[in-house]
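Undergrad: Here you go, one structure.
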Amino acid sequence: MIRIQQVKLPIEHNEEDLYIKAAESLKVKREDISTLSVFRKSIDARKKDEIMFIYALDVELNIDYKISKRNNNVVVVDPFIYEAEATGEKVLKNRPVIVGSGPAGLFCALLLAEKGYNPIILERGKKVKDRVKDIEKFWKDGTLNLDSNIQFGEGGAGTFSDGKLNTLIKDRSKRGKKVLEEFVAAGAPAEITYVNKPHIGTDLLRNVLVSIRKKIISLGGTFRFEECVTDIKIKDNSVYRIVTESDIIETDVLVLAIGHSARDTFAMLHGKLELTAKPFSIGVRIEHPQKMISEAQYGEMAGHPNLGPADYKFVHKCKNGRSVYTFCMCPGGVVTASASETGGVVTNGMSFHDRDLENANSAIVVSINPEDFGGENDPMAGIEFQRQWERKAFEIGGGNYKAPVQLFKDFKEKKVSTSFGEIYPTYRPGSTFANLWDCLPSYVCESLVEGISAFGNWLTDYDRTDAVLTGVETRTSSPLRITRDDDLQSNIRGIYPCGEGSGYAGGIMSASIDGLKVAEQIIKTYKPLNIKE
1149 MIRIQQVKLP IEHNEEDLYI KAAESLKVKR EDISTLSVFR KSIDARKKDE IMFIYALDVE
1209 LNIDYKISKR NNNVVVVDPF IYEAEATGEK VLKNRPVIVG SGPAGLFCAL LLAEKGYNPI
1269 ILERGKKVKD RVKDIEKFWK DGTLNLDSNI QFGEGGAGTF SDGKLNTLIK DRSKRGKKVL
1329 EEFVAAGAPA EITYVNKPHI GTDLLRNVLV SIRKKIISLG GTFRFEECVT DIKIKDNSVY
1389 RIVTESDIIE TDVLVLAIGH SARDTFAMLH GKLELTAKPF SIGVRIEHPQ KMISEAQYGE
1449 MAGHPNLGPA DYKFVHKCKN GRSVYTFCMC PGGVVTASAS ETGGVVTNGM SFHDRDLENA
1509 NSAIVVSINP EDFGGENDPM AGIEFQRQWE RKAFEIGGGN YKAPVQLFKD FKEKKVSTSF
1569 GEIYPTYRPG STFANLWDCL PSYVCESLVE GISAFGNWLT DYDRTDAVLT GVETRTSSPL
1629 RITRDDDLQS NIRGIYPCGE GSGYAGGIMS ASIDGLKVAE QIIKTYKPLN IKE
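This is the structure we're talking about:
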């Protein structure tokens, strides 16, 4: 396979143009190319009057060809194939159990099922179809289901998000490739395997999750929804049994893919497993017109169907030493009510696949360290820190899960806003004008003012006076980590902490990859259940 990098084409081009450009790069004839596929596609918008697509193309030729050492943009590559073999020798007495059906749990279960380990997946929430109904009711009238909400249920918190599939980690193991290909096989758009910033969108992701669940079941896996783990039984420093609200299950392999909001489960684990506090971030959601963002990024080409709605990603180091950055930016999306506990307001963001709604939104968050909340002495302190500000937001929002909102100009002046400008909040079940300084630490608010102002120097009108801030964003990542060793087990043998909730991932892709990583360790240790002594 020959890979051609830095292939540039104008935003209006067709598939044949790719073949022609590839032939030009290799100095061969068009008919000498037998196959061509896109390995990577990104947008170069540095010149607003000449926006280009940048491709990396994989081609096969039907002629002999010698690579020129003088052309660094043309290289020979091996096929990008994910492989994982079940080489374990230890005998499993019982089926492995996975707690949580978010991306980490799903992909751990998928690989185990593919290799003959017949996993049991326990999920405290509901199937996605029923979960949608509960969340819509919450957004409509503030009726919160504590076990079926944005945080809990099939697919985890990522089900109701933009469905971003970005990851900052290198994919030398090919795990990322496996994840993307499984998403496509389950119904996601094929472009997610090559575009620079892939996303599925919450509407398509819901159907994709159902397809992955059905595949796992067809391979021998079992899903048990609305079943929450309440205790873990340990003997001789190893797990041997788990207790749920309705059953007792014997197991010698337990994967904890519990998500970052399973606070009651963390409390149950505290004292059984080694937990440590870790840094996370808190802040607000900011909303702008999507049209403004696209015009700032693409100029006169904004709105071109080949470009789609523009996004952004910013980070700023504040004078106080903290980092403030944008997180989970949702083009053409909405701010979502994401509480999972009574009496707390939590925000997140969500986009559909087409990203065609009026507002763009993003979290703007500030780094928090364990010393800010007493985490040096108590691994659970970060949870209480989050909870404190969520309850404050609920209080100043007026109750019934309405969120406190404030215009940026008033936020800078610590004044309660009295009317909106051109931008209206998308958060449901509603919002209340309030002073966000009352539901966030002062150092966070000071950092937000400085950061948003700095971002306005990079994207025109980002710091506009009527930008809407909605509080609070507190669940950016897990506030603690379940420690694990080199073989990915906790201090208790047979327990494998996994994914975002356990502190080893941040987002759909990295959580899915960690799920595969844990499953690989299990199949290297144990024999499949269908292999007898």
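When you read off a place in the sequence shown, starting at 1, and then add 1148, the result is the number in the numbering used here.
No residue lacks a Cβ here, since even glycine has one placed at the ideal position from N, Cα and C.
1) I want to see whether chain C comes within less than 8 Å of D1319, judged by CB atoms only; does it?
2) Do E1237 and E1271 come within 8 Å of each other at the CB atom, strictly closer than that value?
3) Closer than 7 Å: is that where the CB of R1194 sits relative to any heavy atom of the ligand MN?
4) In angstroms with no decimal places, state the Cα-to-Cα distance between K1277 and S1579.
5) What is the DSSP secondary structure of K1604, counted as helix, strand or coil?
6) S1190 and N1344 look like a contact to me (Cβ under 8 Å); what is the Cβ gap, rounded to whole Å?
7) By the 10 Å Cβ neighbour count, where 16 or more other Cβ atoms means buried, how is Q1445 classified, buried or exposed?
8) Could you tell me whether the region 1605-1619 touches the region 1396-1409, where touching means 3 or more Cβ pairs closer than 8 Å?
9) Can you find the residues in the same chain that come closer than 7 Å, C-beta to C-beta, to G1654, ignoring five residues on each side of it along the sequence?
10) What do you get for N1509, buried or exposed, if any count of 16 or more other CB atoms within 10 angstroms of its CB means buried?
11) Buried or exposed: which applies to Y1572, given that a residue is buried once 16 or more other Cβ atoms fall within 10 Å of its Cβ?
12) In chain order, what residues of the same chain lie with their CB nearer than 6 Å to the CB of A1252, ignoring the 5 residues before and after it?
13) Could you check whether the region 1150-1161 touches the region 1202-1210, counting it as contact only if at least three pairs of C-beta atoms, one from each stretch, sit closer than 8 Å?
14) Pull up the DSSP beta-bridge partners for R1629, would you.
15) Does the region 1447-1456 touch the region 1521-1533, meaning 3 or more C-beta pairs lie closer than 8 Å?
16) Give the single residue among I1150, G1290 and Y1460 whose Cα lies nearest to the Cα of V1225.
17) Given this structure, state the Cα-to-Cα distance separating T1613 from G1324, to the nearest angstrom.
18) With a Cβ-Cβ cutoff of 8 Å, do N1548 and G1290 count as a contact?
19) If you run the structure through DSSP and keep just helix, strand and coil, what is D1096?
20) Under the rule that 16 or more other beta-carbon atoms within 10 Å means buried, what is I1215, buried or exposed?
21) Quick check on the burial criterion: 16 or more other C-beta atoms within 10 angstroms. Buried or exposed for S1185?
22) Ignoring anything shorter than 4 residues, give me the alpha helix (DSSP H) runs that lie fully in the region 1414-1462, in order along the chain.
23) Check M1657 in the structure and name its three-state DSSP category.
24) For the candidate residues T1183, L1628 and I1643, whose alpha-carbon lies nearest to that of F1414?
25) Determine, using beta carbons only, whether V1245 and I1268 come nearer to each other than 8 Å.
26) By how many angstroms is the C-alpha of D1504 removed from the C-alpha of Y1265?
27) Terminal residues of the continuous alpha helix (DSSP H) containing K1363?
28) Among E1543, A1485 and F1475, which residue has its Cα nearest to the Cα of S1515?
29) Can the beta-carbon of Q1299 be found closer than 8 Å to that of S1486?
30) Could you give the residue range of the alpha helix (DSSP H) that holds A1171?
31) In the DSSP assignment, find the alpha helix (DSSP H) that holds V1276 and state where it starts and stops.
32) Between which residues of its own chain and R1632 is the CB-CB distance below 6 Å, once the five residues before and five after are set aside?
33) Is it right to say E1330 is buried, meaning 16 or more other beta carbons lie within 10 angstroms of its own, or is it exposed?
34) Helix, strand or coil for E1393? Go by DSSP, reduced to three states.
35) Taking 6 Å as the limit between beta carbons, can you name the residues of its chain near E1435, skipping five residues before and five after?
36) Please state whether the Cβ-Cβ distance between A1257 and I1364 is less than 8 Å.
TA: Working from what's here:
1) Here there is only one protein chain, and chain C is not present.
2) no
3) The ligand MN is not among the ligands present in this structure, which contains no ligands whatsoever.
4) 27 Å
5) Reading off the sequence, residue 1604 comes out as Gly, not Lys. The answer is helix: DSSP assigns G1604 an H, G or I state.
6) In this structure S1190 touches N1344 by the C-beta definition: roughly 4 Å separates them, less than 8 Å.
7) buried
8) no
9) S1625 and E1648
10) buried
11) Exposed.
12) A1405, C1646, G1647, A1659, D1662 and G1663
13) Verdict: yes, contact present.
14) T1424
15) no
16) Ranking the options by Cα distance to V1225, first place goes to I1150.
17) For T1613 and G1324, the distance between alpha carbons rounds to 41 Å.
18) yes
19) With the chain covering 1149 to 1681 only, the question about residue 1096 has no answer from this structure.
20) exposed
21) Looking at its Cβ environment, which holds fewer than 16 other Cβ atoms inside 10 Å, S1185 is exposed.
22) 1438-1446
23) When DSSP states are grouped into helix, strand and coil, M1657 belongs to the helix group.
24) Nearest C-alpha to F1414: L1628.
25) yes
26) 42 Å
27) T1350 to S1366
28) F1475
29) yes
30) E1163 to L1174
31) V1276 to D1289
32) So the qualifying residues of the chain are S1638 and P1645.
33) The residue in question, E1330, is buried, as its Cβ has 16 or more Cβ neighbours within 10 Å.
34) E1393 falls in the coil class under three-state DSSP.
35) N1507, N1509, I1571 and V1616
36) yes
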